[in-house]
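Colleague: Quick one: structure below, then a few questions.
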Amino acid sequence: MEHAPCISQIATLLADPKRSAMMWALMDGTARQADELALLAGLSPSSANAHLGRLSAGGLLKIEARGRKRFFRLAAPEIGAAVEALASATLVSTPRQIPDVFRRRVMPTKAPSAPASLMRARLCDDHLGGTLAAELYQRLLDAGWIEQFEQRVIVTHKGANQLAERGLFIQALAHRNARVACACPDWSERRPHLGGALGAALLQLFMQSGWLSLPNDSRALQVTTLGQQEIHRFARQDTVEMAI
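Mapping to the UniProt record's numbering: the sequence shown position 180 is 180, numbers consecutive.
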């Protein structure tokens, strides 16, 4: 264990609610001034600067000078991924507040405050997270493309055929070193989105189709107008037919 990474310094920096609030405000990859971050966190400018100094010294933020003004942004995409992982861990480690993160119902607890673009669509490991992803997961369930059993998710015969028509072959995905499909807890939605090899393949399909794009140094995915339409239509036709 002597070579285990020391995470206590980072944990200490993120443990302060005001510092974590400023980190959340930067999760979409944007750069913001200290005054703006102070307002978002409910701090005085001097207090905000002190906290930002600690975060920068700890390697979590980097500073960009633009004339006389200083802007702060996350030091690396891995920082955002770590913060998001902590938010997800909070969901699964507090069962009394969150009865079952894998159920369909929306959880009553309040989601962490984060930029709207990050809440809408973002990277979650190698797949899609956020509102767009949670809604897609529900449509796949309603259309009968996937079925959920407790924490297990399987792709149905119907789903495999429909996905194959879109160039996604379940047998090929099954050979990857990951589960074909799983319910990934979404910290902002309080309901699951699709993870596993299929979740990663869907994200790749959406990006190759030009429906989503990922700006540099950001975890927030940009949704094109066509992407908004096409992703909302994905599996929806089957859902409409089932209702009829």
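Glycine included, every Cβ here is placed at the ideal spot set by N, Cα and C.
Does the region 215-229 come within contact of the region 156-170, defined as at least 3 CB pairs closer than 8 Å?
Modeller: Not touching, per the Cβ criterion.
Colleague: To the nearest angstrom, how far is the alpha carbon of residue 152 from that of residue 140?
Modeller: If you take the alpha carbons of residue 152 and residue 140, they lie about 15 Å apart.
Colleague: Tell me whether residue 85 is buried or exposed, calling it buried when 16 or more other Cβ atoms sit within 10 Å of its Cβ.
Modeller: Counting Cβ neighbours within 10 Å, residue 85 comes out exposed, since fewer than 16 surround it.
Colleague: Suppose the cutoff is 6 Å on Cβ atoms and the five residues either side in sequence are ignored; what does the same chain contact list for residue 57 look like?
Modeller: Contacts found: none.
Colleague: Across the region 43-60 and the region 21-32, are there enough close Cβ pairs to call them in contact, namely three or more that are closer than 8 Å?
Modeller: The region 43-60 is in contact with the region 21-32.
Colleague: Could you check how far apart the C-beta atoms of residue 52 and residue 37 are, in whole angstroms? I think they sit under 8 Å.
Modeller: Right, the Cβ-Cβ distance comes to about 7 Å (below 8 Å), so this counts as a contact.
Colleague: By the DSSP assignment, the beta strand (DSSP E) with residue 152 in it spans what residues?
Modeller: 152-155 is the extent of the beta strand (DSSP E) around residue 152.
Colleague: I'd like to confirm the pairing. Which residues does DSSP put opposite residue 212 in its beta bridges?
Modeller: DSSP, once it has assigned bridges, lists 223 as partnering residue 212.
Colleague: Are the CB atoms of residue 193 and residue 124 nearer to each other than 9 Å?
Modeller: Result yes, Cβ atoms of residue 193 and residue 124 sit closer than 9 Å.
Colleague: Which one of 28, 39, 89 and 31 has the shortest CA to CA distance from residue 18?
Modeller: The residue with the shortest Cα to Cα distance from residue 18 is 39.
Colleague: So what does DSSP say about residue 32, is it helix, strand or coil?
Modeller: Strand.
Colleague: Tell me which residue opens and which closes the beta strand (DSSP E) that residue 129 is part of.
Modeller: 127-129 is the extent of the beta strand (DSSP E) around residue 129.
Colleague: What is the residue span of the alpha helix (DSSP H) that residue 170 lies within?
Modeller: Per DSSP, residue 170 belongs to the alpha helix (DSSP H) from 170-173.
Colleague: How many Å lie between residue 74 and residue 34 at the Cα?
Modeller: About 13 Å.
Colleague: Return the residue from the list 148, 160 and 32 that minimises the CA-CA distance to residue 61.
Modeller: If we check each option's Cα against that of residue 61, 32 comes out closest.
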